[in-house]
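Protein chains: 2
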Amino acid sequence: MTSVINVNLPEQSYEIAIAPASLDQLGQQMASLNLGKKVLLVSNPTIFRHYGERAITSLTSAGFEFASCTLPPGERYKTLNSIQKLYDAALENRLERSSTMVALGGGVIGDMTGFAAATWLRGINVVQVPTTLLAMVDSAIGGKTGVNHPHGKNLIGAFHQPRLVLIDPEVLKTLPMREFQAGMAEVIKYGVIWDAELFTQLEQSKRLDQLRYVKAELVNSILTRSCQAKADVVGKDEKEAGLRAILNYGHTIGHAVESLTGYRLVNHGEAVAIGMVAAGQIAVNLEMWTKEDAERQNALIQKTGLPVKLPDGVDIEAIIEALQLDKKVKAGKVRFVLPTQIGVVTVTDDVPSDIIRQVLQGM
Amino acid sequence: MTSVINVNLPEQSYEIAIAPASLDQLGQQMASLNLGKKVLLVSNPTIFRHYGERAITSLTSAGFEFASCTLPPGERYKTLNSIQKLYDAALENRLERSSTMVALGGGVIGDMTGFAAATWLRGINVVQVPTTLLAMVDSAIGGKTGVNHPHGKNLIGAFHQPRLVLIDPEVLKTLPMREFQAGMAEVIKYGVIWDAELFTQLEQSKRLDQLRYVKAELVNSILTRSCQAKADVVGKDEKEAGLRAILNYGHTIGHAVESLTGYRLVNHGEAVAIGMVAAGQIAVNLEMWTKEDAERQNALIQKTGLPVKLPDGVDIEAIIEALQLDKKVKAGKVRFVLPTQIGVVTVTDDVPSDIIRQVLQGM
Ligand SMILES: NC(=O)c1ccc[n+]([C@@H]2O[C@H](COP(=O)([O-])OP(=O)(O)OC[C@H]3O[C@@H](n4cnc5c(N)ncnc54)[C@H](O)[C@@H]3O)[C@@H](O)[C@H]2O)c1
Ligand SMILES: NC(=O)c1ccc[n+]([C@@H]2O[C@H](COP(=O)([O-])OP(=O)(O)OC[C@H]3O[C@@H](n4cnc5c(N)ncnc54)[C@H](O)[C@@H]3O)[C@@H](O)[C@H]2O)c1
Ligand SMILES: [Zn+2]
Ligand SMILES: [Zn+2]
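Those sequence lines, one after another, are chains C and V. Heads up, the first sequence is in this note's numbering, so the first residue is 4 and it goes up one at a time. Heads up, the second sequence is in this note's numbering, so the first residue is 4 and it goes up one at a time.
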């Protein structure tokens, strides 16, 4: 059960390798890439406790000289301050241009390690070893890296493609349920925007809210098809000139909900789930999508244990205002990704505020 | 007397426009590039006092909405901390992806503005309006951006190409003499590594140590030929895979001298001058270059008022040690750029320490 997906980009192509127990192959896989000897392994204490030793054993037996650096867990440490710690570690261990930072963790570790690697010596290698479902199917692929500004998420960052993405599905066993569900939001997203077959596969599963209820073949399919979807889109549009916008399906309203709930009450996946329900309904109201397909989407979201309603107490006018602050806003126009059928979406910045308001009031 | 040089890069090409009084054309030139309306003008208080108003008048009359941000002058403020101020200004003024940061200043302002632009929203536009000779012929071109780490220069950075480089030679009139001379070190470098005709042009001038002694045509030629040299090299090697290394002529030992004198006693241009004398002599000792050509180079350096000897009290063993710390070191090998004739250099990492020692002892 090994899948390899090629991400083809003009300047640098790389592989996403998906295989159980592949964490033990990390060093070997990296050795085949002709990287320098020095590696800085970046993680957080929880993840490091679970998987650090295996990663290190694999790296050292493949002949790498390693140093490690753990950063405190959680989105609120995704800051320039943490990046400075990585710079200090890079300096202390004399990383060279040919050296590699390895991100062993979820999206937070992946984004920070990627950004530090993008900006140390104007760019050294990074290898992504994602350990959350979200990081596996989304953040580890595509080269977006970055940290938060005190007043806004992901405002600081760079594009920096990894040299390798190594996915070991077995590490998901220790992932908390809510984190698994959050990742499933992105998986459902790929079904709606790109891969109708993935969507029907998901529909055929009785429960999707915990890893242990999901058949091994489906887990494999989820990972492979989701990574393929992201790789396809990114390969066609590395720097977000156009197509890549479709990956923001559910994220327009999702981001507003996340930010209005202080990134605490509702996590990213949950916010995206709410955002997909909203975007789907906007598409239905604009007569771009059928009510039936929107209901299929919402049923799938519910089966994953994700919310389909706005959290209590979120002010609808505040959401509409927050949309204006989104970094994708161009000349004051809010960009929406809207489905036209399962597997196909379109991008528009012509959604009247009244429709948005009406849809949110109905949720 | 307007020159336009095209820098052709796979992803984005741009123009270097050189013309007296072109500062007043800034807004107009930018308007032709189809940039967003919002501009953040970045400078330091001294430069802003001299040229801020003209830049702003030009920007506003071309219809741009501008905000400005000044950072304290000097290399010691080229830090992540200053970048954070630019991020704050970007946030406050709600810069969008289509917005532009304009760097009005020397290399310090240019490098910082470039880095902030590279990393705000994962990359917004930057326009370089260099005001020192060094920035005009070197730092504003080529897309290298960055800041210093407390323990090392330019360790943090990114490649980010400008959308336009606008050079108004008239602003050099207010530049302190020592800064002019520092820029001349890079000009002489281009003569030695790339453009023998520039070299002979310089030789024909009686004095080169102050702008007012240099004929207007020569100033124009210096700017045009130097920018062309840098554009040629960068166009062939955007990300420092190979050829671009030749731009480091004089910089290997130069960087060591700069760092050992605490970046105060000796400035960058002076250090590069010393480094060129050393590299030239190494080439002579290795029988790669003639003594005569080395002497022509050294005469030119002296005529510019730049040093040709090591500053008192710099320890030669300390220089040799410092070379090992250079970020261009690969697997412990120090890379030298050595001339083989005026206008032609070669890159090698096979210079025995004994030769380096011997050359430095002779200086
Ligand atoms: N770069 C991109 O393209 C992109 C895309 C989407 C999201 N993101 C970013 O990703 C981040 C969210 O990532 P995330 O959802 O992975 O969250 P996360 O990285 O914070 O991880 C969630 C939690 O799970 C723990 N954890 C991770 N793997 C584990 C494992 N195998 N076993 C046990 N515990 C484990 C972590 O310690 C953490 O507490 C956000 O900062 C978001 O901005 C980036
Ligand atoms: N990015 C690159 O490729 C590259 C290449 C070479 C150097 N650099 C960087 O450039 C920096 C050095 O740049 P610099 O030599 O321009 O120094 P600088 O930017 O510090 O400017 C030198 C001094 O001149 C003043 N000044 C600038 N223009 C003036 C004017 N027209 N009139 C009066 N005063 C003026 C400034 O206020 C400053 O005090 C270093 O940080 C170096 O690392 C970068
Ligand atoms: Zn997402
Ligand atoms: Zn230089």
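The C-beta atom is built at its ideal place from N, Cα and C for all residues, glycine as well. Quantities reported herein were computed from a predicted structural model and do not represent experimental measurements.
For this session: Have a look at residue 289 of chain V and residue 174 of chain C and give me their C-alpha separation to the nearest angstrom.
Result: 57 angstroms
Exercise. In the DSSP assignment, what are the bridge partners of residue 11 of chain C?
Worked result: Paired residue(s): none; residue 11 of chain C is not in a bridge.
For this session: Please name the residue in V:83, V:110, V:78 and V:73 whose C-alpha comes closest to that of residue 92 of chain V.
Result: Relative to the Cα of residue 92 of chain V, the nearest Cα in the group V:83, V:110, V:78 and V:73 belongs to V:73.
Exercise. With a Cβ-Cβ cutoff of 8 angstroms, do residue 162 of chain V and residue 147 of chain V count as a contact?
Worked result: Yes, they are a contact pair.
Exercise. With a Cβ-Cβ cutoff of 8 angstroms, do residue 168 of chain V and residue 29 of chain V count as a contact?
Worked result: Not closer than 8 angstroms, so no.
Exercise. In chain V, which residues lie with their C-beta within 8 angstroms of the C-beta of residue 94 of chain C?
Worked result: Near residue 94 of chain C (Cβ distances below 8 angstroms), the residues of chain V are 152, 154, 155 and 158.
Problem set entry | Terminal residues of the alpha helix (DSSP H) in which residue 249 of chain V lies | Run containing residue 249 of chain V: none; DSSP gives neither H nor E here.
Problem set entry | Straight-line gap, residue 25 of chain C to residue 64 of chain C (C-alpha atoms, nearest Å) | 15 angstroms
Exercise. Out of V:135, V:234, V:4 and V:21, which has the shortest C-alpha to C-alpha gap to residue 53 of chain V?
Worked result: V:135
For this session: Give the DSSP bridge partners of residue 123 of chain V, in chain order.
Result: C:159
Problem set entry | Proximal residues to residue 164 of chain V (C-beta, below 7 angstroms), its chain only, five neighbours per side dropped | Only residues of its own chain outside the window of five on either side were considered, and among them 12, 15, 17 and 146 have a CB closer than 7 angstroms to the CB of residue 164 of chain V, listed in chain order.
Problem set entry | Spatial neighbours of residue 198 of chain C in its chain, beta-carbon cut-off 7 angstroms, leaving aside the 5 residues before and after | 228, 232 and 346
For this session: Kindly identify the DSSP beta-bridge partner or partners of residue 152 of chain V.
Result: V:155
Exercise. Going by DSSP, what residues sit across from residue 71 of chain C in a beta bridge?
Worked result: Residue pairing from DSSP places residue 71 of chain C in a beta bridge opposite C:44.
For this session: Could you pull the start and end residues of the alpha helix (DSSP H) that residue 200 of chain C belongs to?
Result: 199-206
For this session: Look at the alpha carbon of residue 90 of chain V and the alpha carbon of residue 45 of chain V, and state the distance between them as a whole number of angstroms.
Result: 12 angstroms
Exercise. Going by the CB atoms, is the gap between residue 264 of chain C and residue 317 of chain C shorter than 8 angstroms?
Worked result: yes
Exercise. Which first and last residues belong to the alpha helix (DSSP H) in which residue 344 of chain V is found?
Worked result: Run containing residue 344 of chain V: none in the alpha helix (DSSP H); it sits in the beta strand (DSSP E), 339-344.
Problem set entry | Spatial neighbours of residue 350 of chain C in its chain, beta-carbon cut-off 6 angstroms, leaving aside the 5 residues before and after | 248 and 340
For this session: Helix, strand or coil for residue 336 of chain V, going by three-state DSSP, please let me know.
Result: strand
For this session: Could you tell me which chain C residues have their CB closer than 8 angstroms to the CB of residue 147 of chain V, listed as they occur along the chain?
Result: 125
Exercise. Which residues have their C-beta within less than 6 angstroms of a heavy atom of ligand 4, listed in chain order?
Worked result: V:141, V:189, V:254, V:271 and V:275
Exercise. Does DSSP classify residue 347 of chain V as helix, strand or coil?
Worked result: strand
For this session: Could you tell me which residues DSSP puts in a beta bridge with residue 108 of chain V?
Result: The partner list for residue 108 of chain V (beta bridge, DSSP) reads V:133.
For this session: Just mark residue 269 of chain V as buried or exposed, buried being the case when its beta carbon has 16 or more other beta carbons within 10 Å.
Result: buried
Exercise. Around the Cβ of residue 154 of chain C, are there at least 16 other Cβ atoms within 10 angstroms (buried) or fewer (exposed)?
Worked result: exposed
Exercise. Does residue 451 of chain V have its Cβ less than 8 angstroms from a Cβ in chain C?
Worked result: The structure shown does not extend to residue 451 of chain V, since chain V is modelled only from 4 to 366, so the question has no answer here.
Exercise. Are the beta-carbon atoms belonging to residue 81 of chain V and residue 111 of chain V less than 8 angstroms from one another?
Worked result: yes
Exercise. Does the beta-carbon distance from residue 328 of chain V to residue 277 of chain V come in below 8 angstroms?
Worked result: no
Exercise. Which bits of chain C does residue 65 of chain V rub up against, with CB to CB less than 8 angstroms?
Worked result: What residue 65 of chain V touches in chain C: nothing, since even the nearest Cβ is about 17 angstroms away.
Exercise. Which residues, taken in chain order from the stretch 180-202 of chain V, show a beta carbon closer than 8 angstroms to some beta carbon of chain C?
Worked result: none
For this session: Anything in the stretch 79-90 of chain V with a Cβ closer than 9 angstroms to a Cβ of chain C? List those residues in chain order, please.
Result: Cβ contacts with chain C come from 83, 86, 87 and 90.
Exercise. In three-state DSSP terms, what is residue 191 of chain V?
Worked result: Helix.
Exercise. Name the chain V residues that come within less than 7 angstroms of residue 351 of chain C, Cβ to Cβ?
Worked result: Within 7 angstroms Cβ-Cβ: nothing; residue 351 of chain C doesn't reach chain V, min ~18 angstroms.
Exercise. Mind checking whether residue 69 of chain C and residue 33 of chain C have CB atoms under 8 angstroms apart?
Worked result: No.
Problem set entry | Validate contact between the stretch 200-216 of chain V and the stretch 294-310 of chain V using beta carbons, cut 8 angstroms, 3 pairs | yes
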